[in-house]
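Residue numbers (my numbering), protein chains in the order written: chain A, 1 to 148; chain B, 149 to 408.
Even glycine gets a Cβ: it sits at the ideal position worked out from N, Cα and C.
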């Protein structure tokens, strides 16, 4: 429900002034999501998997995570998609921990790390902020997620 | 630092005292159309010069990184329920990185275009190209970030934006004297592949007992998950599953109470 607070806050003239925003007087209100853009999106790639192959070839660090109680882009969708990359397993599947609790499960492949976040919905850092920060820390350091 | 200083946020209404610097403003990405993208940089709480730059993109398509990434997820502030002020998020990602929230494409949040038709014919390709243009020009405004390690992160439909922007950067770097120091990407609950995403979604609904066996089998037999647009018969099955079988739930977090 917190996006309703954002709709109020970011439409306040004093907030817009402090942010140096809307100086040109945009002819519509600030909204969290634009229906016009969403309805008129006319260029979308059917699959991003070929790009992953390009990015892995360029040796970029790639992490993919999934909150496991999201039913909009759920964990099974991500797993079916990633499976198509047919990656070699580097560190086999294991539960990762945050504050002595299972944060989720993870597997490290050659070129890509996949992790689930237990109990998190679509917006993982909103529902599981501590676990998300742990995930982000490991990602930035280039370390596998903690095993204990 | 003139341009940078013009973008400095002195303080947001109702903001608690903080130790980090913030900047926000517009970067023009297309002069002819008058397209300008809005950003909000919240620097790391300590030693920002030694920390990487992390670009956060929200999906939708058409949703705001400031609404979601900054204000609900990884940003330092949370908005209170009356929208009268802000309080701190103790798990903000700016504890360990400089966070750049980008509103992309034009039409999202405060980002805009003077050519109104831009709102009706946008898509993945323009989003990636404008976002790259933004980053290159933003670096000119903040030259101290030019050699900095860059990571791009995001969620949902940003499963398209993030890899596409990364690919755009690699192409740019191949022909540039001043390459961007992109190190990696991270995406969550990311839209990845139409066919396998749809297959996995229906599988999830069934395996989590959100739909009946009958609806599951009908969806699997009638819907062609390769298609961009579903048949009417398939659409009505989706509607039946959501309206009659899911019930009043939050599809984005199936065990949380819905937001009424």
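- Interface annotation for the segment 52–69 of chain A against chain B: 52, 54, 55, 58, 60, 61, 62, 63, 64, 65, 66, 67 and 69, criterion Cβ-Cβ distance under 8 Å.
- The distance from the Cβ of residue 205(B) to that of residue 302(B) is about 4 Å, consistent with a contact at the 8 Å cut-off.
- At least one beta carbon of chain B lies nearer than 8 Å to the beta carbon of residue 41(A).
- Judged by DSSP secondary structure, residue 17(A) falls within the alpha helix (DSSP H) whose first and last residues are 13–18.
- Between residue 114(A) and residue 64(A), the CB-CB gap stays under 8 Å.
- The continuous stretches of beta strand (DSSP E) do not include residue 41(A), and DSSP gives it neither H nor E.
- In the DSSP annotation of this structure, the continuous segment of the beta strand (DSSP E) that includes residue 188(B) starts and ends at 183–190.
- Contacts with chain B at 8 Å (Cβ-Cβ) do not include residue 100(A).
- Ranked by how close their Cα comes to the Cα of residue 77(A), the residues 389(B), 382(B) and 337(B) have 337(B) in first place.
- If you compare the alpha carbons of 281(B), 298(B) and 286(B) with that of residue 141(A), the shortest gap goes to 298(B).
- An exposed status is given to residue 404(B), since fewer than 16 other beta-carbon atoms sit within 10 Å of its beta-carbon.
- For residue 316(B), the enclosing alpha helix (DSSP H) has its first and last residue at 306–322.
- Counting other Cβ atoms within 10 Å of its Cβ, residue 93(A) stays below 16 and is therefore classed as exposed.
- When the alpha-carbon of residue 402(B) is set against those of 134(A), 131(A) and 120(A), the nearest one is in 120(A).
- Taking residue 112(A) as the centre and dropping the five residues before and after it, the same chain places the C-beta of 52, 56, 62, 63, 64, 82, 85 and 87 closer than 8 Å to its C-beta, in chain order.
- In the DSSP assignment, residue 235(B) forms a beta bridge with 226(B).
- Closer than 8 Å to the CB of residue 24(A) there is at least one CB belonging to chain B.
- Look at residue 175(B) here: in three-state DSSP terms it is strand.
- Interface flag for residue 378(B) against chain A is unset, since no Cβ pair is found closer than 8 Å.
- Judged by DSSP secondary structure, residue 381(B) falls within the alpha helix (DSSP H) whose first and last residues are 380–388.
- Annotation: the continuous alpha helix (DSSP H) that includes residue 81(A) extends over 75–83.
- Contact with chain B is found for residue 123(A), since one of that chain's Cβ atoms lies less than 8 Å from the residue's Cβ.
- Between residue 278(B) and residue 183(B), the C-beta spacing is below 8 Å.
- In the three-state scheme derived from DSSP, where H, G and I count as helix and E and B as strand, residue 271(B) is classed as coil.
- Within the segment 331–352 of chain B, 331, 332, 333, 334, 335, 336, 337, 338, 339, 340, 341, 342, 343, 344, 345, 346, 347, 348, 349, 351 and 352 place their CB atoms closer than 8 Å to a CB of chain A, listed in sequence order.
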